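Just so we're aligned, residue 89 is where the sequence shown starts under the numbering used here, counting upward by one.
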Amino acid sequence: RVPGLTVANRNNYAQDLQISSRGFGARAGFGVRGLRMYADGIPATMPDGQGQVAHFDLAGAQRIEVLRGPFSALYGNSSGGVIAMFSAPVTDTTSEVGVDFGSFGLRQQRVAFGSPVGKNVDISASVSHFEIDGFRPHSAASRDLANVRLGWQGESDRLVLQVSNQDQKADDPLGVNRALFDSDPRATTPEATQFNTRKTIRQTQVGLAWTHQLGLGPLDSLAVSTYSGSRGVVQYLAIPFGTQNGNRHGGGLIDFDRTYAGLDTRLAWRFDRVDLVTGVNVEQMVDDRQGYLSFTTTTPVPDYGVRGAPKRDERNTALTREAYAQAEWRATEAVSATVGLRSGQVAMSADDHFQNTTATPANGDDSGQLKFKYTSPVLGLSYKASPALTFHLSGSRGYETPTLGELAYQANGAAGFNSGLQAQTSRQVEAGAKWRGGAGLPDIDLALFDIRTSNEIGVLTNAGGRSAFQNVGHTSRRGAELSTRWRVLPSLSTQLSVTKLEAKYKDSFVTCTAIPCLLTGAGTATVPAGNTIAGTQPTSAYFEVAWKALPSAELALEIRGQGRTAVDDRNSDFAGGYGLASLRYSQRFAISPVDQLELLARVDNITNRAYAGSVIVNDANGRFFEPGAPRNALASLRWRHSW
């Protein structure tokens with residue numbers, strides 16, 4: 089529903105969602121890059137810029153906030169946009185039990201409880217179990233989530249402690265090539281079962297936030313938040329035994345354990361016409377990254393999908409140190425200005441402990457370290473032309489470092505960190521207007537943006553479980569975003585969002601089409617200037633009309649569409665555009681004064697359209713296409729009891 093934001097459901101729980109904002113993040117083959125994400129104030133994006141959202145407890149969320157445009161630069165490295173989830177607050181004593189059933193074996197159970205304890209303490213907790221068989225062979229998944237939140241409110245202080253845990257197992261059906269997608273758009277590539285590709289995830293994190301009201305003249309408050317966590321991933325890839333056996337290959341089994349932590353301290357100042365926030369932020373992640381062969385024998389055929397001999401042993405670290413300030417000046421009743429600055433340093437390193445062994449005599453040293461420094465200013469102006477109409481203009485400089493994964497391999501195949509890879513910088517300008525129509529009139533938001541990026545990070549080669557990256561020169565992202573919300577009648581409402589995006593390479597560059605590749609001669613191709621940035625869509629739209637048949641019941645039609653998507657930088661193929669229609673119905677039943685039952689039923693892809701829900705950008709094997717789900721249904725029941 090948010091213009092400018094694309095969230096592609098890969099229907100593959102081994103690879104998470106594919107999220108991009110105004111074309112930032114579109115290159116990600118797994119996880120989320122180019123955006124900052126938060127769950128109740130705890131970053132879901134690591135210091136190197138890579139993140140994931142699988143541990144978000146959407147069933148317990150009160151709201152999700154999205155920030156696009158220049159002001160996202162105030163959130164630091166890799167901020168093409170910001171997505172923040174906030175859990176529902178505890179206001180009374182309640183318990184909740186929910187069950188969900190859907191197509192393709194979808195089932196979920198959830199139990200939640202929340203209560204104030206005395207005058208100053210509140211507590212909430214939830215646990216859920218999710219399973220799905222999947223509409224494609226070899227796409228089953230299961231996930232367990234647990235969350236506990238404890239709050240304390242004093243006269244001048246507020247403390248919130250949060251603990252969460254995620255355990256997930258998922259088969260990986262991989263993408264499919266054009267021929268298989270055209271013949272059976274809901275198929276699974278044979279390599280998925282041949283290599284038994286799959287992934288397990290476990291993640292535990294703790295966060296503590298303290299706010300203290302100072303009241304020392306203009307010095308208003310102090311806020312300190314800290315978090316710590318661990319994440320472990322075991323993933324089996326589709327890599328032939330001959331490739332895995334190569335001297336410098338990390339194997340077909342990825343196994344890493346990550347610890348991460350962060351601290352943010354900020355002061356809020358209140359002056360006559362100026363509000364000021366200043367702060368410092370420190371974040372660190374440490375990966376113990378192991379690699380293994382994904383087989384133990386090769387005769388008569390390889391027994392893929394089992395842990396074999398070690399092939400990789402590294403300690404990777406990323407450390408971010410930042411300082412920031414943001415001031416809002418209310419110049420007049422109609423005019424206000426906001427200015428901000430964030431300056432920081434990201435240090436990344438790899439310490440290779442697996443080199444020149446008896447089994448791999450030519451395995452070179454992949455150790456290395458790099459530091460990136462940045463300063464991101466932002467300026468915004470706002471003019472309230474009338475109580476209903478506001479204009480805004482803003483500009484900023486953005487900064488995005490390569491991730492540790494993007495620094496792992498040299499472009500020429502030699503040992504060592506990809507030390508030639510630079511951070512990409514962008515200059516962003518946005519102008520827009522907001523109209524709040526009031527009773528009987530629509531609300532309208534309009535934004536026009538122009539983003540010019542230097543040293544854009546792109547894929548050089550992606551095959552055999554190894555991805556190398558390069559800077560591909562200048563790019564531009566220009567577009568318009570429109571959204572409207574209109575309650576036509578007390579019982580009838582509509583919502584519309586439309587995005588137009590032109591994301592282009594401004595410089596030509598050479599990319600690899602085969603392995604090995606030395607950027608000269610065979611196995612290379614030139615990407616001409618003017619090509620569309622891979623993974624982006626020129627248009628996207630969402631429309632909804634909802635009718636409240638009863639005060640407690642709603643029936644809605646949703647229509648979502650998007651234009652075609654370039655699968656690689658060469659624009660050699662495109663996933664076709666599509667339009668999907670869905671129906672939903674919800675109703676609340678008051679069983680008693682303290683018991684309430686909520687029903688949600690929906691049918692997605694009513695016309696049973698075959699389409700590619702997402703693409704794997706620049707996949708050298710040509711398995712670009714990830715099939716979208718056929719017609720499917722969901723029924724959800726939630727019982728809520730107030731004590």
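Just so you know, even glycine gets a beta-carbon here, dropped at the ideal spot from N, CA and C.
Note that the coordinates shown come from a computational prediction; the quantities given were computed from them, not determined experimentally.
Look at the alpha carbon of residue i and the alpha carbon of residue j, and state the distance between them as a whole number of angstroms.
i           : j           : result
residue 524 : residue 152 : 21 Å
residue 540 : residue 126 : 26 Å
residue 575 : residue 584 : 12 Å
residue 627 : residue 91  : 10 Å
residue 380 : residue 199 : 39 Å
residue 160 : residue 175 : 22 Å
residue 732 : residue 675 : As displayed, the chain neither begins before 89 nor continues past 731, which places residue 732 out of reach and without an answer.
residue 617 : residue 561 : 10 Å
residue 648 : residue 225 : 26 Å
residue 309 : residue 230 : 43 Å
residue 167 : residue 486 : 7 Å
residue 475 : residue 208 : 39 Å
residue 346 : residue 496 : 16 Å
residue 140 : residue 104 : 7 Å
residue 265 : residue 374 : 36 Å
residue 246 : residue 210 : 11 Å
residue 100 : residue 513 : 32 Å
residue 296 : residue 239 : 10 Å
residue 532 : residue 149 : 26 Å
residue 268 : residue 520 : 44 Å
residue 725 : residue 684 : 11 Å
residue 96  : residue 719 : 17 Å
residue 422 : residue 528 : 25 Å
residue 131 : residue 387 : 47 Å
residue 420 : residue 217 : 53 Å
residue 248 : residue 587 : 38 Å
What distance in whole Å lies between the Cβ atoms of residue j and residue i, which are believed to be in contact at a cut-off of 8 Å?
i           : j           : result
residue 71  : residue 596 : With the chain represented from 89 up to 731, any question about residue 71 goes unanswered, as that position is not in the structure.
residue 516 : residue 484 : 5 Å
residue 163 : residue 124 : 5 Å
residue 708 : residue 549 : 6 Å
residue 452 : residue 505 : Incorrect: roughly 12 Å between the Cβ atoms, too far for contact.
residue 129 : residue 313 : 6 Å
residue 398 : residue 358 : Rounded, the Cβ-Cβ distance is 58 Å, inconsistent with contact.
residue 656 : residue 622 : 5 Å
residue 102 : residue 260 : 4 Å
residue 733 : residue 145 : The first residue shown for the chain is 89 and the last is 731, placing residue 733 beyond what the model contains.
Compare the beta carbon distance of residue i and residue j with 8 Å and say whether it is the shorter of the two.
i           : j           : result
residue 434 : residue 489 : yes
residue 256 : residue 702 : no
residue 590 : residue 567 : yes
residue 765 : residue 547 : In the structure displayed, the chain extends from 89 to 731; residue 765 sits before or after that span and is not available.
residue 143 : residue 254 : yes
residue 717 : residue 692 : yes
residue 291 : residue 319 : yes
residue 740 : residue 184 : Residue 740 cannot be examined here, being either before or after the span of the chain that is shown, 89 to 731.
residue 672 : residue 644 : yes
residue 690 : residue 599 : no
residue 339 : residue 400 : yes
residue 136 : residue 436 : yes
residue 138 : residue 156 : no
residue 316 : residue 282 : no
residue 169 : residue 110 : yes
Counting along the chain, where does the beta strand (DSSP E) carrying residue i start and finish?
i           : result
residue 237 : 229 to 241
residue 271 : Residue 271 -> not in any beta strand (DSSP E); alpha helix (DSSP H) instead, spanning 266 to 271.
residue 311 : 307 to 324
residue 217 : 209 to 220
residue 354 : 341 to 358
residue 89  : Counting along the chain, residue 89 falls outside any beta strand (DSSP E), and DSSP gives it neither H nor E.
residue 571 : 563 to 577
residue 413 : 398 to 418
residue 715 : 713 to 715
residue 523 : 512 to 524
By the DSSP assignment, the alpha helix (DSSP H) with residue i in it spans what residues?
i           : result
residue 611 : Looking at the DSSP string, residue 611 is not in any alpha helix (DSSP H), and its letter there is neither H nor E.
residue 329 : 329 to 332
residue 281 : 278 to 282
Next item on the list: Check whether the segment 352 to 368 touches the segment 324 to 340, counting contact only when three or more Cβ pairs, one atom from each stretch, lie closer than 8 Å.
Entry: Judged by pairs of C-beta atoms under 8 Å, the segment 352 to 368 does not touch the segment 324 to 340, as fewer than three such pairs exist.
Check: Are the segment 572 to 591 and the segment 633 to 652 touching by the rule of at least three beta carbon pairs closer than 8 Å?
Finding: yes
Margin query: Quick check: the segment 503 to 514 against the segment 183 to 192, are at least 3 beta-carbon pairs closer than 8 Å?
Written below: no
Note to self: With three or more beta-carbon pairs closer than 8 Å as the criterion, would you say the segment 266 to 277 touches the segment 302 to 311?
What the structure shows: no
Checklist line | Sufficient close CB pairs (3 or more, under 8 Å) joining the segment 391 to 409 to the segment 362 to 372 | finding: yes
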